[in-house]
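So the structure is just underneath, and the comments pick up after that.
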Amino acid sequence: MALSFFLAGWMGAEETAEQLFCRYQDSSNVTYLQKLFAMHGSDLYHFLLQQSDRTLAEDISQQVWLTLLEQPGSFRGASSFKTWLFSIGRNGLIDELRRLKRWQPEALLDDMYTDGHCPEQQLSRAKQQLQLGKQLQLLPFFQREALMLQLEGFSIAQISDITQQPDETIKSRLRYARQFLQQLAGVSDDNA
Amino acid sequence: MTTPEQFERDLQQQYQHEKARHAAPPQLSERIMQRAKPPVSQRWWPAWRNMQLALSSAFVLVLGYLLLLQQPSSPLYYQIVVTSDSQYREVQQHRITVQKEQALAMLPGDASNAYQQYVETAQRNDAFHTQTGLLRQNAEQWQISVCNDLLLTVDRQLLAQLNVVPTPDDFQLQQWVEFVSNDAGQLVAIRPTSTVLQCPQA
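Top line first, the protein sequences correspond to chains A and B. Using this note's numbering, the letters of the first sequence correspond one by one to residues 8 to 199. Using this note's numbering, the letters of the second sequence correspond one by one to residues 35 to 236.
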């Protein structure tokens with residue numbers, strides 16, 4: 008690892024988030040923090056935005072980055088920097104939703120089924136009108152979370168690490184999320 | 035009808051598209067960077083820390099050097115090992131050792147003192163014994179032989195401690211010398227001589 012770190016610096020290769028964090032920690036040079044933010048800031052913000060709203064996504068993003076500034080030792084390198092970042096963001100978001108009494112992980116999908124229309128009608132309308140962002144909103148919190156983390160590039164193990172849930176639970180959530188979205192997209196059952 | 039593969043491609047594509055549409059607002063980054071900038075009073079801290087590191091390193095180096103200089107060296111002792119072989123009645127190996135138990139006296143002060151004492155009292159003190167022998171030099175030691183009676187070897191380290199007049203480098207590889215021993219058998223001095231020892235025929 009030390010060798011690859013050295014070679015990367017020597018050959019001018021693109022720095023990893025972990026390298027940038029180490030350099031920021033050593034030098035307190037804001038340039039490294041800016042690079043880190045450019046690398047993962049929008050990823051985290053988008054993840055939080057899909058799980059809440061613009062105000063909360065901004066607040067929680069800011070809290071996560073400030074945690075990094077104020078407690079740099081909280082990232083110990085046990086996971087990738089991005090995994091750590093999303094883990095802190097996810098926990099912060101759930102805490103905030105609970106504090107605001109908005110924590111209803113299963114409510115969104117239930118709302119869809121209880122607004123006076125039958126599920127088939129809802130699905131049909133969603134198929135015709137909704138883009139992915141809105142389709143995702145039809146998923147329960149944990150399914151949406153698992154799917155977004157996977158689309159973000161995290162492995163099952165990393166998602167498990169971020170959400171503190173067993174691999175099998177994550178796989179199950181991903182399967183249900185996909186099934187639902189495939190229904191909306193009209194994916195052939197024969198191939199599914 | 036969409037296939038699962040097509041669905042996955044679309045999903046990934048739409049996700050990236052959605053993410054691009056919802057990038058983090060610039061003011062968020064600005065707020066974080068503003069908080070990250072240390073107050074003016076703290077900006078000298080990295081330089082001060084580096085200076086402290088450099089000063090500490092220099093201090094440790096100087097301290098280590100001084101301790102090294104003051105470290106007491108192990109005392110050296112004059113050792114004589116006496117044996118015999120088929121050619122010489124007695125073989126004496128004179129050398130320096132750090133093992134006190136097997137040694138006779140401490141160097142280097144003793145050798146100088148003994149020589150001084152010899153110079154002052156040589157004429158009237160029989161505590162010193164002068165002999166003539168043939169010196170042969172090699173890389174590690176000098177050998178002085180006194181007929182078939184005595185072969186005396188002196189290692190180079192001990193030579194450096196003795197009063198050898200002139201200096202050991204000025205001696206020829208083979209020449210006659212006079213050597214002085216004290217009552218303990220230790221060499222006190224070695225000097226060239228023109229006297230040639232006549233050995234009885236074996």
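Cβ coordinates follow ideal geometry from the N, Cα and C atoms, glycine included. All values reported here derive from a predicted model rather than from experimental measurement.
Terminal residues of the beta strand (DSSP E) in which residue i lies
i, result
"Tyr174/B", "Note that residue 174/B corresponds to Glu in the displayed sequence, not to Tyr. No beta strand (DSSP E) contains Glu174/B, which DSSP labels as neither H nor E."
"His128/B", "Glu124 to Thr131"
"Val71/A", "That residue, Val71/A, is in no beta strand (DSSP E); its alpha helix (DSSP H) goes Arg61 to Glu77."
"Leu110/B", "Leu110 to Thr117"
Which residues DSSP lists as bridging residue i, in chain order
i, result
"Gln209/B", "Leu169/B"
"Ala223/B", "Asn197/B and Val214/B"
"Val188/B", "His128/B and Trp176/B"
"Val194/A", "Thr36/B"
"Thr164/B", "Val214/B"
Beta carbon proximity, residue i to chain A, threshold 8 Å
i, result
"Ser90/B", "no"
"Leu62/B", "yes"
"Arg83/B", "no"
"Gln70/B", "A quick correction: the sequence has Ala, not Gln, at residue 70/B. By this cut-off, Ala70/B is an interface position."
"Ala173/B", "no"
"Arg43/B", "no"
"Arg170/B", "no"
Chain B within 8 Å of residue i, Cβ atoms only
i, result
"Ser68/A", "yes"
"Val149/A", "As written in the sequence, residue 149/A is Phe, which differs from the Val given in the question. No, Phe149/A lies away from the interface with chain B (no Cβ there is under 8 Å from its Cβ)."
"Leu156/A", "no"
"Tyr183/A", "no"
"Phe44/A", "yes"
"Gln135/A", "Confidence in Gln135/A is poor, its pLDDT being 47 and thus under 50, which makes the residue's placement unreliable; the coordinate value appears in the next sentence. Gln135/A does not count as touching chain B."
"Met41/A", "The amino acid at residue 41/A is misidentified as Met; the sequence shows Gln. By this cut-off, Gln41/A is an interface position."
"Ser179/A", "no"
"Leu145/A", "no"
"Ala192/A", "yes"
"Glu21/A", "no"
Assumed close pair residue i, residue j - CB separation to whole angstroms, cut-off 8 Å
i, j, result
"Leu168/B", "Gln126/B", "Actually they do not touch by this definition, with Cβ atoms about 15 Å apart."
"Glu65/A", "Pro59/B", "7 Å"
"Ala192/A", "Leu154/A", "At roughly 13 Å, the Cβ-Cβ gap does not stay under 8 Å, so Ala192/A and Leu154/A are not in contact."
"Thr166/B", "Gln175/B", "With 8 Å as the limit, Thr166/B and Gln175/B do not qualify as a contact, their Cβ atoms being about 19 Å apart."
"Glu212/B", "Thr201/B", "16 Å between Cβ atoms; not a contact."
Residue i, enclosing alpha helix (DSSP H) - first and last residue
i, result
"Thr170/A", "Ile163 to Thr170"
"Glu152/A", "Phe148 to Leu158"
"Leu62/B", "Pro60 to Ala70"
"Lys141/A", "Leu139 to Gln144"
"Phe28/A", "Ala24 to Ser34"
"Phe88/A", "Phe88 to Arg106"
"Asp183/B", "Premise fails: Asp183/B is in no alpha helix (DSSP H) and is neither H nor E."
"His53/A", "Val37 to Gln58"
What are the residues of the stretch 71-102 of chain A that lie near chain B, defined by any Cβ-Cβ distance shorter than 7 Å?
-> Trp72, Leu73 and Leu76
Chain-ordered residues of the stretch 186-198 of chain B with a beta carbon less than 8 Å from chain A | none
Return the residues of the stretch 100-129 of chain B that lie within a Cβ-Cβ distance of less than 8 Å from chain E, sorted by chain order.
-> Going by chain labels, chain E is absent from the structure shown, which instead holds the protein chains A and B.
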